[in-house]
Structures are given as C-alpha cells and as structure tokens.
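Undergrad:
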Amino acid sequence: MSKLATTLRQPQQLVDEGLAPSAALPELEKVAARYAVALTPHVVSLIDPSNPNDPIALQYVPSAKELESESHERADPIGDAARSPVEGIVHRYPDRVLFKLVHVCAVYCRFCFRREMVGPGKDSALSAEVYAKALGYIREHSEIWEVILTGGDPLMLSPRRMAEVMSDLAAIPHVKIIRIHTRVPVADPARVNEEMVAAFRVSGATTWVALHANHARELTDDARAACARLVDAGIPMVSQSVLLRGVNDNPAALEALMRAFVECRIKPYYLHHGDLAPGTQHLRTTIEEGQQLMRTIRGRLSGLCQPDYVLDIPGGFGKSPIGPGYLSHDRDERAESRYRIVDYCGDVHLYPPKS
Ligand code: SF4
C-alpha cells in the first residue's frame with residue numbers, strides 16, 4: 003500500500019482504505035463517537051489489509067466489540083483522579099509524579115487506559131494557568147525526584163514548547179530525572195527530528211524516554227532510526243508494552259518484540275497486564291496466560307530482554323509485579339526448612355537457608 007498523506011480519523015476513511023468492511027460502518031461510527039480514532043500514514047503502511055488478524059490493525063482499527071463493556075471495567079482504570087492533587091499532576095508514589103501535558107496522541111490505541119480522557123474533543127494542552135499551578139506543585143514538593151511527562155503523548159507538543167517545559171522542570175533543583183512516555187517514535191517517527199531531540203537535552207536533569215510498542219513490526223527502519231537519534235544523543239530508553247490478545251500473547255511475538263527493543267538499545271522495562279478500560283475486554287488476556295508467557299521467555303531470552311510483568315491496581319494504588327514466582331519454601335520429613343527454586347527449564351532445586 004502506498005503511503006497516505008493524512009492521518010485517518012473517520013470510519014468511512016478506514017472502509018475506503020480497505021481496513022474495515024463497509025458492513026461494519028454503522029457500528030464503527032458508534033465506536034468513533036465514543037472513543038477517538040487516529041491512524042497515521044506510517045501506521046497504515048504497516049497493516050496488511052488482507053489479514054483480518056493483523057497485529058498492527060488490532061491495536062488501532064476500531065472494532066464493534068468496543069461497544070461491549072463488562073462490569074469490572076471503569077472510565078479511570080488506574081485511578082489517576084484519586085491521586086491528582088492539582089490538575090495535570092498525578093502523585094501516586096513519594097518520589098515521582100506524572101505530569102499530563104496534553105490530551106491528544108498521534109494515534110489512538112483501542113486498548114488505551116486513558117481512552118475516556120484523550121482525543122481531539124478534549125482540551126489539547128494545559129492552559130497557561132493550569133500549567134503554572136502544576137509546576138508550582140512540583141516546585142513545592144522537594145521529595146519529587148522524577149517527573150514523568152505523559153498525557154496523551156507529550157511528543158504532540160512542538161519542539162519549541164517541549165524545550166520550554168524541559169527547561170522549566172530542569173530549573174527545579176530537586177527534579178533530577180525527566181522521563182518522557184511516548185508512542186510517537188513508532189507511530190510517526192519523522193516527528194522525532196533533530197529539534198525535538200535537542201529539546202530533550204537539558205542541563206540540571208537527566209532525560210529518559212520510555213517507548214510504548216507492542217509488536218516487533220512496529221519497530222520499522224524509520225522507527226529504529228528515530229530511536230537511534232535519541233540514544234545517539236545520550237538519552238537512555240526503556241520500553242513499555244501492553245499484553246494484548248492476538249497481538250503479542252504468544253512466545254514468538256513477545257520474544258521478537260523484546261529482542262527488537264534490545265537491538266535498538268532500548269531496555270525492556272514493563273509488560274503491562276491490560277487495564278480494565280471500558281470496551282477492551284476482547285484484547286485482555288488472563289493473568290495466568292501472562293505468567294506462562296513470562297516463564298517461557300525467561301527460558302528462551304537473554305536477561306537483557308526480560309521486562310517486568312506488572313498490573314496497575316484499580317483505584318490508584320500503583321503497579322505491582324505479577325510475574326511467576328521462582329522461589330518457595332519446602333519442608334522435609336524432619337520439618338527442616340529449605341528453599342525450592344525453579345530454574346529456567348522448569349526444574350526444581352533445593353537451596354539451604356542461612357544457618
Ligand atoms: S498513545 Fe498512549 S495515551 Fe495515546 S491512545 Fe495510545 S495508549 Fe492511550
């Protein structure tokens with residue numbers, strides 16, 4: 003498919019491009035009226051329209067299944083609102099805050115945990131007054147060591163505005179780390195240009211970039227080049243992925259994704275269990291399936307390729323690791339306690355407690 007000139011935002015455009023059947027149009031219109039839709043030309047060029055289970059299409063092309071919600075799903079699945087002392091800030095853990103600068107993204111993911119908060123109908127960026135208040139909050143809380151720029155996608159800001167935000171934050175003496183969460187390097191790699199990379203480099207704080215990608219095919223040559231521009235500029239990168247049914251819920255897909263990250267000098271960081279966002283049930287796996295996948299990749303991949311499998315506890319209580327356990331206690335017939343430790347092949351060994 004030749005590359006399109008514009009981002010697709012309407013179900014009719016998806017039908018015209020062969021990404022959805024025309025019979026689905028009425029239901030897709032209902033989905034699009036509730037949740038934002040956007041596929042950049044770069045993302046569209048990755049989709050194989052002849053494959054109804056294409057792992058890129060499943061992430062971005064809306065489905066009528068999004069109209070079905072289950073009772074546990076909620077509009078704010080990770081409880082941002084419960085931990086927001088001022089607009090734009092989420093202060094969940096003592097030493098770090100989320101700073102939600104924008105409410106728009108380059109693409110809209112069908113499983114988004116903030117799908118009720120992001121999209122073109124929402125305020126695109128914080129007003130000057132709200133921004134100043136949020137910055138004031140960070141300034142007044144000396145325990146804040148790390149600020150995580152998120153949204154929406156902070157790379158929707160212009161490089162000029164990004165540079166202003168970065169220098170405002172770096173000027174706060176206790177802010178040592180600025181972490182930028184983004185999907186742009188894989189959704190619209192050309193946006194990571196020299197000006198944007200220069201905006202990330204500030205004196206007074208260290209910048210990290212966390213890339214969100216869920217399938218190895220998202221790491222195209224252009225996306226790899228965008229990441230290389232960041233890493234070559236001295237900006238360390240980590241990854242974030244969501245475990246998604248049909249996209250990466252098999253060992254080969256997960257293995258290829260983690261290897262691709264490491265090849266791009268991106269350390270695999272988090273594999274998120276799917277959040278309870280409304281209308282996303284069809285994309286979630288069970289926790290047991292996630293644990294089995296983690297066991298499998300532990301046995302097959304270098305330690306460099308291992309992410310932490312985590313669950314954001316609904317209600318705003320933060321993330322907890324939910325990967326499989328490898329250590330347990332064993333008692334022999336004389337009631338002596340020992341450890342049981344499982345190796346990467348699944349074999350069990352005993353290990354003595356410290357005497
Ligand atoms: S890029 Fe992030 S915030 Fe934006 S739609 Fe995707 S998951 Fe949601």
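For the sequence shown, this note's numbering gives the first residue as 3, with consecutive numbering after it.
Even for Gly, the Cβ is constructed at its ideal location relative to N, Cα and C.
1. Do the CB positions of A235 and P191 come within less than 7 Å of each other?
2. Cβ of L245 within 7 Å of Cβ of H214?
3. Between V2 and the ligand SF4, is there a pair consisting of the residue's CB and a ligand heavy atom that are separated by less than 6 Å?
4. Note the first and the last residue of the continuous beta strand (DSSP E) segment covering D310.
5. Helix, strand or coil: how does DSSP classify D223 here?
6. Pairing CB atoms from the segment 100 to 116 with CB atoms from the segment 138 to 158, are three or more of them under 8 Å?
7. Just checking V33 against the ligand SF4 - is the residue's beta carbon closer than 6 Å to any of the ligand's heavy atoms?
8. For the candidate residues G90, V120, G121, whose alpha-carbon lies nearest to that of L128?
9. The ligand SF4 and V249: does the residue's C-beta get closer than 6 Å to at least one heavy atom of that ligand?
10. Tell me R342's beta-bridge partners as DSSP assigns them.
11. State whether the segment 165 to 181 contacts the segment 116 to 126, with contact taken as three or more CB pairs (one from each stretch) at a distance under 8 Å.
12. Within the present structure, is the beta-carbon of D155 separated from the nearest heavy atom of the ligand SF4 by less than 6 Å?
13. Alpha carbon to alpha carbon, how far is T42 from L10? Give it in angstroms, no decimals.
14. Does any heavy atom of the ligand SF4 sit closer than 6 Å to the C-beta of V240?
15. Can P57 and D277 be called in contact, C-beta distance under 7 Å?
16. Going by CA-CA distance only, name the one from R336, P309, E148, F113 that's closest to G281.
17. If I measure Cβ to Cβ from G248 and keep anything under 7 Å in the same chain, skipping five residues before and after, which residues do I get?
18. Contact check, F202 vs M239 under 8 Å by CB: the rounded distance?
19. Is I179 helix, strand or coil by DSSP?
20. Classify A262: buried if its beta carbon has 16 or more other beta carbons within 10 angstroms, exposed otherwise.
21. Return yes when at least one heavy atom of the ligand SAM lies under 6 Å from the C-beta of R286, else no.
22. Quick test of your reading: S330 and R342, contact by CB under 8 Å. State the CB separation rounded to the nearest angstrom.
23. Kindly indicate the opening and closing residues of the alpha helix (DSSP H) around Q294.
24. Note the first and the last residue of the continuous beta strand (DSSP E) segment covering L256.
25. Below 6 Å, is the gap between the Cβ of R116 and the nearest heavy atom of the ligand SF4?
26. Please determine, among A26, L6, K5, the residue with the shortest C-alpha to C-alpha distance to P13.
27. Can you grab the Cα-Cα spacing for the pair E257 / Y37, in whole Å?
28. Should the segment 296 to 310 be regarded as contacting the segment 63 to 82, the criterion being three or more beta carbon pairs within less than 8 Å?
29. Below 8 Å on the Cβ atoms is my contact criterion, and I expect I180 with V149 to pass it. Report the Cβ-Cβ distance as a whole number of Å.
TA: With the structure as the only source:
1. no
2. No.
3. One cannot answer for residue 2 here, as it falls past the ends of the chain, which runs 3 to 357.
4. Its beta strand (DSSP E) spans residues 310 to 314.
5. helix
6. Yes, they touch.
7. No; taking the cut-off as 6 Å, the Cβ of V33 has no heavy atom of the ligand SF4 nearer than that.
8. Of G90, V120, G121, the residue nearest in Cα terms is G90.
9. The answer is no for V249.
10. S330, L352
11. no
12. For the ligand SF4, at least one heavy atom lies less than 6 Å from the Cβ of D155.
13. When rounded, the distance between both Cα atoms is 6 Å.
14. No, the Cβ of V240 stays beyond 6 Å of every heavy atom of the ligand SF4.
15. no
16. The shortest C-alpha separation from G281 is found at F113.
17. N55, P57, L60
18. Not really, about 11 Å apart at Cβ, beyond 8 Å.
19. strand
20. buried
21. This structure does not include the ligand SAM; its bound ligands are the ligand SF4.
22. 5 Å
23. 289 to 302
24. No beta strand (DSSP E) holds L256; the alpha helix (DSSP H) holding it covers 253 to 265.
25. yes
26. A26
27. 31 Å
28. no
29. Right, the Cβ-Cβ distance comes to about 5 Å (below 8 Å), so this counts as a contact.
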